[in-house]
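Enquirer: Please see the structure below; I have some questions.
2 protein chains.
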Amino acid sequence: MALDQLSQPQLRERERELSKRHDALRKKGLALDLTRGKPSSEQLDLSAELDRAWGGSYLTADGTDARNYGGMLGIPEARAFGAELLGLRTEEILVGDNSSLSLMYRYIAFAHQHGLAGSGTGWRDEAAEQGRPAQFLCPVPGYDRHFGICEHFGIEMVNVALEPEGPDMDAIEERVAGNPLIKGIWCVPRHSNPTGQTYADSVVERLAALPLLAGPNFRIFWDNAYAVHHLQDDPPELRNIMEACRERGTEEGLLVFGSTSKITYAGSGISFLGANPSNLASFQRHLAASTIGPDKINQLRHVRFLRDMSQLKKHMARHRAIIAPKFRRVLEMLEEALRDELIATWTDPPGGYFISVDTLPGLASEVVRLAGEAGVKLTPAGATFPYGRDPQDRNIRLAPTFPPMSELEQAMQVFVVCLELASVRQRLGTMERRDAKPSGEQA
Amino acid sequence: MALDQLSQPQLRERERELSKRHDALRKKGLALDLTRGKPSSEQLDLSAELDRAWGGSYLTADGTDARNYGGMLGIPEARAFGAELLGLRTEEILVGDNSSLSLMYRYIAFAHQHGLAGSGTGWRDEAAEQGRPAQFLCPVPGYDRHFGICEHFGIEMVNVALEPEGPDMDAIEERVAGNPLIKGIWCVPRHSNPTGQTYADSVVERLAALPLLAGPNFRIFWDNAYAVHHLQDDPPELRNIMEACRERGTEEGLLVFGSTSKITYAGSGISFLGANPSNLASFQRHLAASTIGPDKINQLRHVRFLRDMSQLKKHMARHRAIIAPKFRRVLEMLEEALRDELIATWTDPPGGYFISVDTLPGLASEVVRLAGEAGVKLTPAGATFPYGRDPQDRNIRLAPTFPPMSELEQAMQVFVVCLELASVRQRLGTMERRDAKPSGEQA
Numbered sequence: 022m023a024l025d026q027l028s029q030p031q032l033r034e035r036e037r038e039l040s041k042r043h044d045a046l047r048k049k050g051l052a053l054d055l056t057r058g059k060p061s062s063e064q065l066d067l068s069a070e071l072d073r074a075w076g077g078s079y080l081t082a083d084g085t086d087a088r089n090y091g092g093m094l095g096i097p098e099a100r101a102f103g104a105e106l107l108g109l110r111t112e113e114i115l116v117g118d119n120s121s122l123s124l125m126y127r128y129i130a131f132a133h134q135h136g137l138a139g140s141g142t143g144w145r146d147e148a149a150e151q152g153r154p155a156q157f158l159c160p161v162p163g164y165d166r167h168f169g170i171c172e173h174f175g176i177e178m179v180n181v182a183l184e185p186e187g188p189d190m191d192a193i194e195e196r197v198a199g200n201p202l203i204k205g206i207w208c209v210p211r212h213s214n215p216t217g218q219t220y221a222d223s224v225v226e227r228l229a230a231l232p233l234l235a236g237p238n239f240r241i242f243w244d245n246a247y248a249v250h251h252l253q254d255d256p257p258e259l260r261n262i263m264e265a266c267r268e269r270g271t272e273e274g275l276l277v278f279g280s281t282s283k284i285t286y287a288g289s290g291i292s293f294l295g296a297n298p299s300n301l302a303s304f305q306r307h308l309a310a311s312t313i314g315p316d317k318i319n320q321l322r323h324v325r326f327l328r329d330m331s332q333l334k335k336h337m338a339r340h341r342a343i344i345a346p347k348f349r350r351v352l353e354m355l356e357e358a359l360r361d362e363l364i365a366t367w368t369d370p371p372g373g374y375f376i377s378v379d380t381l382p383g384l385a386s387e388v389v390r391l392a393g394e395a396g397v398k399l400t401p402a403g404a405t406f407p408y409g410r411d412p413q414d415r416n417i418r419l420a421p422t423f424p425p426m427s428e429l430e431q432a433m434q435v436f437v438v439c440l441e442l443a444s445v446r447q448r449l450g451t452m453e454r455r456d457a458k459p460s461g462e463q464a
Numbered sequence: 022m023a024l025d026q027l028s029q030p031q032l033r034e035r036e037r038e039l040s041k042r043h044d045a046l047r048k049k050g051l052a053l054d055l056t057r058g059k060p061s062s063e064q065l066d067l068s069a070e071l072d073r074a075w076g077g078s079y080l081t082a083d084g085t086d087a088r089n090y091g092g093m094l095g096i097p098e099a100r101a102f103g104a105e106l107l108g109l110r111t112e113e114i115l116v117g118d119n120s121s122l123s124l125m126y127r128y129i130a131f132a133h134q135h136g137l138a139g140s141g142t143g144w145r146d147e148a149a150e151q152g153r154p155a156q157f158l159c160p161v162p163g164y165d166r167h168f169g170i171c172e173h174f175g176i177e178m179v180n181v182a183l184e185p186e187g188p189d190m191d192a193i194e195e196r197v198a199g200n201p202l203i204k205g206i207w208c209v210p211r212h213s214n215p216t217g218q219t220y221a222d223s224v225v226e227r228l229a230a231l232p233l234l235a236g237p238n239f240r241i242f243w244d245n246a247y248a249v250h251h252l253q254d255d256p257p258e259l260r261n262i263m264e265a266c267r268e269r270g271t272e273e274g275l276l277v278f279g280s281t282s283k284i285t286y287a288g289s290g291i292s293f294l295g296a297n298p299s300n301l302a303s304f305q306r307h308l309a310a311s312t313i314g315p316d317k318i319n320q321l322r323h324v325r326f327l328r329d330m331s332q333l334k335k336h337m338a339r340h341r342a343i344i345a346p347k348f349r350r351v352l353e354m355l356e357e358a359l360r361d362e363l364i365a366t367w368t369d370p371p372g373g374y375f376i377s378v379d380t381l382p383g384l385a386s387e388v389v390r391l392a393g394e395a396g397v398k399l400t401p402a403g404a405t406f407p408y409g410r411d412p413q414d415r416n417i418r419l420a421p422t423f424p425p426m427s428e429l430e431q432a433m434q435v436f437v438v439c440l441e442l443a444s445v446r447q448r449l450g451t452m453e454r455r456d457a458k459p460s461g462e463q464a
């Protein structure tokens, strides 16, 4: 029964019952964690051959000894693999080390502090001329670590709604046109983190045209982190944005990111930056000051293990076989407990690593707090928004992949009790305040 | 016979003969490279077991799964290993990825652009208050990639002479005292690049006291890149600078760097930053914005392969067995060709990766040019000095480790001919100018 159909005594009864269950859960001394999109051990085991069976020659496709220094753009076969993975050309790929986040960070450090087109062209410098910080558009809810990089550099973040088809393009175009302060936009275009959308073709087309409206040195950060991470058959296709950019001559404004972190080993994968070759060349020159080159052996290891897209598809199907049941179980438990109560909505994502739950407005922090009391760590409320501030305090990101099924079930039992308890208490509070305040009276 | 003992006709004869030999070498179409301190394939083969035989558990000493995300400071056993290698405590070590240069770069980005003690304390900000760039002291000759980082950030470099016992401490103390613009100093304290000294104890003691003289946020960059890379028995010991700092309470001013790049694989090793724990904590917070953590599997692989200091010593003896003969051969060829000519001096280093040659003043660029014409690539003249400017144009860095012996010999034949040819031509030019200019006449 919907919560707002319950009478005050019914709500009081429900609150007592839920409080009791919450107390009982607290006493269990659980220590469970639903915070981060980490692969489980079982998933990591899928890549055991990465270390064991690749051996043999250290020579790369162009005859380089992968063990020695150098090779800033990555080994040819890893560049070709990244190109296929991300729908780009081999010459558009730089292969990095274990963290695509590092590539994003370093590109922003380059663009903001140093200048894409040389001294004085830093985003910081260009914005300082107007006495303002540089700005980024952030579709919300989004990925906390993207926002963290902006905050680190003092780049001002501007929220944009993420709708079922992708970010609100009307709002974006209006913001960008004639505003040279806006230097970039974060996008997770496929199985978006945390809400699971894949951007519609029309949205991709409009994004590809965005650099035409934008000021100098604007960049789209296209974090295709879940390019092949499907949970259902026939997931929605994603329009190739580089092709859309090429049609408009806006390739310079596009940066594509990806990695094998959620394909092989989360902490020991390889990462990719896709960009047009002139963009890549200037970034490479920037990087050269700071490194002796990437770990080319790990690139070799990965290419020999993952081989090609057909092999990769099979590998990803094995991941799906492990994690899809966990997603299904979370959805079942949400459905069973909350179906009729109208106190939350949630996503049923065709891919990616998260289920996104929206509580009634104003309750996310309280739910996270209650769950924490009962030994279940949830991603802090607000984390999916810039500056950790969810304006409606309602979004909670659940990450079902890491815990074993039994722990996941325990954690979800706690979660639904906390969500119900917070909702009932809120409803009760509202009724009590209403009763205490004769109609027409001003507080 | 010393060149300055030859008559003009003798010199002309010698010039003709050397020119002929140079021409003949040119026609051979050689393509040899003495530029970089790269390990040879034979050396890289010493670590074949790193990949092949380490397998088994991915659990680290504290039970972490090395395959997953996180662990910014590195796995416990790799931290312990780095501590032993660098003479520090385990809690003073952060283990990074394949490039200690990256750790130096990132620390400088942190200190210069962001601020070690928060917003407004960046070296850049502190120097800007005086309308100047921040400055670094650079013992010369030194490592070109250190200088490259300073140049990248617009940090002004100040040359300091590197003497047989280490950098000229009188000059350094004078520069640093009362000058808050000076923010750091580069040191390669053992088997210095390229000149091979190990700093004397007294120099280490005075360096450890330097932060007491310096302004805020000053740091010693102690790049102990060749900590265990000996070429001779009983190489000079290096005083433990962290201990010397602790005696004076100056630990906060010290950063120690090291890596396994020239122990295992040049491009796929692990790196170390040693610093006192509070320093490490602030740097770790800074790094957190940019990465999901280091490649912990590679750390595990390294620790299981290198094991401990006694195993490491044996491993380094195998390196020495491969490269010491190359150093000896280079020295023999220099000796044979140049012993009596008094046109160059060179080092006989007890460790490290380089032989440093000083030509007569004004000749290094010309020697490098002539060698290039004959197909031998040498490190550009000036590379061992800030901004690529050797004030006397005389230092040339030879890197004997990478080429096979036969190529090394060929390259050295070219080198000595070019060195002699340039020297003879310079001497002839001087004599001819003197003859053309009757004494007492003004040009």
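Just so you know, the sequences run in chain order A and B.
The first sequence begins at 22 in this note's numbering and counts up by one.
The second sequence begins at 22 in this note's numbering and counts up by one.
The beta-carbon is built from N, C-alpha and C at its ideal position, and this holds for glycine as well.
Keep in mind it's a predicted model, so treat the numbers as computed, not measured.
Can you look up glutamate 38 of chain A in the DSSP assignment and give me helix, strand or coil?
Expert: The answer is helix: DSSP assigns glutamate 38 of chain A an H, G or I state.
Enquirer: Do you know how far the Cα of methionine 337 of chain A is from the Cα of glutamate 453 of chain A?
Expert: If I take the Cα positions, the gap works out to 52 angstroms.
Enquirer: Identify the contact partners of serine 444 of chain B in chain A, using a Cβ-Cβ distance below 8 angstroms as the criterion.
Expert: Simply none; closest approach about 33 angstroms.
Enquirer: Note down the Cα distance separating alanine 310 of chain B from arginine 166 of chain A, rounded to an integer number of angstroms.
Expert: Rounded to whole angstroms, alanine 310 of chain B to arginine 166 of chain A spans 7 angstroms at the Cα level.
Enquirer: Say whether chain B places a C-beta atom closer than 7 angstroms to the C-beta of glycine 169 of chain A.
Expert: Closer than 7 angstroms to some Cβ of chain B, the Cβ of glycine 169 of chain A qualifies, so yes.
Enquirer: Suppose you measure from the CA of valine 388 of chain B to the CA of leucine 363 of chain B; what does that come to, to the nearest Å?
Expert: So the two alpha carbons sit approximately 16 angstroms from each other.
Enquirer: At a CB distance below 9 angstroms, what residues from the segment 307-331 of chain B approach chain A? Give them in sequence order.
Expert: Within the segment 307-331 of chain B, the residues whose Cβ lies closer than 9 angstroms to some Cβ of chain A are His307, Ala309, Ala310, Ser311, Thr312, Ile313, Gly314, Pro315, Asp316, Lys317, Ile318, Asn319 and Arg322, listed in chain order.
Enquirer: Run down chain A in chain order and give the residues with a C-beta less than 7 angstroms from the C-beta of serine 377 of chain B.
Expert: Here the premise fails: no neighbours, minimum Cβ distance about 20 angstroms.
Enquirer: Does the beta-carbon distance from proline 97 of chain A to aspartate 83 of chain A come in below 7 angstroms?
Expert: Yes, they are a contact pair.
Enquirer: Of all the residues that make up the segment 168-189 of chain A, which are near chain B by a beta-carbon distance shorter than 7 angstroms?
Expert: Taking 7 angstroms as the Cβ-Cβ cut-off against chain B, the residues of the segment 168-189 of chain A that qualify are Gly169, Ile170 and His173.
Enquirer: With H, G and I counted as helix, E and B as strand and the rest as coil, what does DSSP make of arginine 349 of chain B?
Expert: Arginine 349 of chain B falls in the helix class under three-state DSSP.
Enquirer: Less than 6 angstroms between C-beta atoms, sequence neighbours within five positions excluded: which residues of the same chain meet that for glycine 290 of chain A?
Expert: Closer than 6 angstroms at the Cβ level, and outside the excluded window around glycine 290 of chain A, lie Asn119, Ser280, Thr281 and Ser282.
Enquirer: Taking Cβ to Cβ, would you say histidine 392 of chain B is nearer than 7 angstroms to valine 435 of chain B?
Expert: For the record, residue 392 of chain B in the displayed sequence is alanine; it is not histidine. In this structure, valine 435 of chain B lies closer than 7 angstroms to alanine 392 of chain B by Cβ.
Enquirer: By Cβ distance below 6 angstroms, which residues in the same chain neighbour glutamate 112 of chain A in space, the five residues on each side in sequence not counted?
Expert: So the qualifying residues of the chain are Pro298.
Enquirer: Check proline 188 of chain B in the structure and name its three-state DSSP category.
Expert: Strand, per DSSP.
Enquirer: For threonine 219 of chain A and proline 210 of chain A, which I take to be in contact (beta-carbon distance under 8 angstroms), what is that distance rounded to the nearest angstrom?
Expert: Right, the Cβ-Cβ distance comes to about 7 angstroms (below 8 angstroms), so this counts as a contact.
Enquirer: Using a Cβ-Cβ cut-off of less than 9 angstroms, give me the residues of the segment 89-114 of chain B that come near chain A, in sequence order.
Expert: The segment 89-114 of chain B vs chain A, Cβ under 9 angstroms: Asn89, Tyr90, Gly91 and Gly92.
Enquirer: For aspartate 66 of chain A, report the span of its beta strand (DSSP E) as first-last.
Expert: No beta strand (DSSP E) contains aspartate 66 of chain A, which is instead part of the alpha helix (DSSP H) from 62-66.
Enquirer: So, using beta-carbon positions, are alanine 420 of chain A and leucine 53 of chain A closer together than 7 angstroms?
Expert: Not a contact, by the Cβ cut-off of 7 angstroms.
Enquirer: Assess, as a yes-or-no matter, whether the segment 145-161 of chain A is touched by the segment 324-333 of chain A under the definition of 3 or more beta carbon pairs within less than 8 angstroms.
Expert: The segment 324-333 of chain A vs the segment 145-161 of chain A: no contact.
Enquirer: Cutting at 8 angstroms between CB atoms, please list the residues of its own chain near glutamate 394 of chain B, excluding the five before and the five after it.
Expert: Around glutamate 394 of chain B: His43 and Arg47.
Enquirer: So, does the CB of alanine 287 of chain A fall closer than 7 angstroms to a CB anywhere in chain B?
Expert: Cβ-Cβ to chain B under 7 angstroms: yes for alanine 287 of chain A.
Enquirer: Tell me whether leucine 419 of chain A sits in a helix, a strand or coil according to DSSP, three-state version.
Expert: Looking at leucine 419 of chain A - three-state DSSP - the assignment turns out to be strand.
Enquirer: Over the uninterrupted beta strand (DSSP E) stretch that includes aspartate 244 of chain B, give me the two end residues.
Expert: 240-244 is the extent of the beta strand (DSSP E) around aspartate 244 of chain B.
Enquirer: For isoleucine 129 of chain B and aspartate 411 of chain A, what's the separation of their Cα atoms in angstroms?
Expert: Answer to the nearest angstrom: the Cα atoms are 35 angstroms apart.
Enquirer: Use the C-beta contact count for proline 425 of chain B: other C-beta atoms within 10 angstroms, 16 or more gives buried, fewer gives exposed.
Expert: Flag for proline 425 of chain B reads exposed.
Enquirer: For alanine 57 of chain B, go through chain A and note every residue whose CB falls closer than 8 angstroms to its CB, in chain order.
Expert: The displayed chain sequence assigns arginine, not alanine, to residue 57 of chain B. Residues of chain A passing the Cβ test: Tyr90.
Enquirer: Whose Cβ in chain A lies nearer than 9 angstroms to the Cβ of alanine 130 of chain B?
Expert: Result: Ala130, Gln134 and Ser311.
Enquirer: Determine which residues of the segment 211-235 of chain A have a Cβ less than 8 angstroms from any Cβ of chain B, and write them out in chain order.
Expert: Answer set for the segment 211-235 of chain A: empty.
Enquirer: Does the beta carbon of leucine 122 of chain A sit closer than 7 angstroms to a beta carbon anywhere in chain B?
Expert: Cβ-Cβ to chain B under 7 angstroms: yes for leucine 122 of chain A.
Enquirer: How would you write the range of the alpha helix (DSSP H) that glycine 393 of chain B sits in, first residue to last?
Expert: Where glycine 393 of chain B is concerned, the enclosing alpha helix (DSSP H) stretches over 385-394.
Enquirer: Taking beta-carbon pairs under 8 angstroms, can you tell me which members of the segment 271-295 of chain B lie near chain A?
Expert: Those residues of the segment 271-295 of chain B that come within reach of chain A (Cβ to Cβ, closer than 8 angstroms) are Ser282, Tyr286, Ala287, Gly288 and Ser289.
Enquirer: Hey, does asparagine 416 of chain A have any beta-carbon neighbour from chain B nearer than 7 angstroms?
Expert: Cβ-Cβ to chain B under 7 angstroms: no for asparagine 416 of chain A.
Enquirer: List, in chain order, every chain A residue whose beta-carbon is nearer than 9 angstroms to that of leucine 65 of chain B.
Expert: The contacting residues are Tyr79, Asp86, Arg88 and Asn89.
Enquirer: Could you work out which residues of chain B lie near aspartate 118 of chain A, taking near to mean beta carbons separated by less than 8 angstroms?
Expert: Under the 8 angstroms cutoff, chain B gives Asp118, Asn119 and Asp316.
Enquirer: Considering only the alpha carbon of each residue, which of A:Leu252, A:Leu228 and A:Phe168 lies closest to glycine 187 of chain A?
Expert: Of the candidates A:Leu252, A:Leu228 and A:Phe168, the one whose C-alpha sits nearest the C-alpha of glycine 187 of chain A is A:Leu228.
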